[in-house]
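Each residue of the sequence shown is one higher than the one before, starting from 31 at the first, in the numbering used here. Think of the CB as a built atom: it goes at the ideal place given N, C-alpha and C, for glycine as much as any other residue.
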Amino acid sequence: MAFRNEDDKKAYWRENLALMAKLLVIWFVVSFGFGILLVDVLNQIQVFGFKLGFWFAQQGAIYVFVALIFIYMYKMNQLDKRYGVDEE
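This is the structure in structure tokens:
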């Protein structure tokens, strides 16, 4: 379960950090952007009787965060297999 060479190790961590950065940007946009900055615009839309801005601030950001955890797990398993460091 070790890397074949130092270049693979660096490439693996580069891809890992790029994935984390993308997911953190999505989380930030959903939680801070939709839940705080765009709340007034989104509150003009109703979803199941709730204002959409309120929903993002109270529930949506949490659901997105949990979904991002599963996306990270799935993508990291693919990355591990590609670099030969997966758990068999």
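Here DSSP, grouped into helix, strand and coil, assigns F84 to helix. In the structure shown, the three-state DSSP call for Q74 is coil. By the beta-carbon neighbour count (other beta carbons within 10 angstroms, threshold 16), G79 is exposed. Between F86 and F64, the CB-CB gap stays under 8 Å. Distance from the CA of F95 to the CA of F33, rounded to the nearest whole angstrom, comes to 30 Å.
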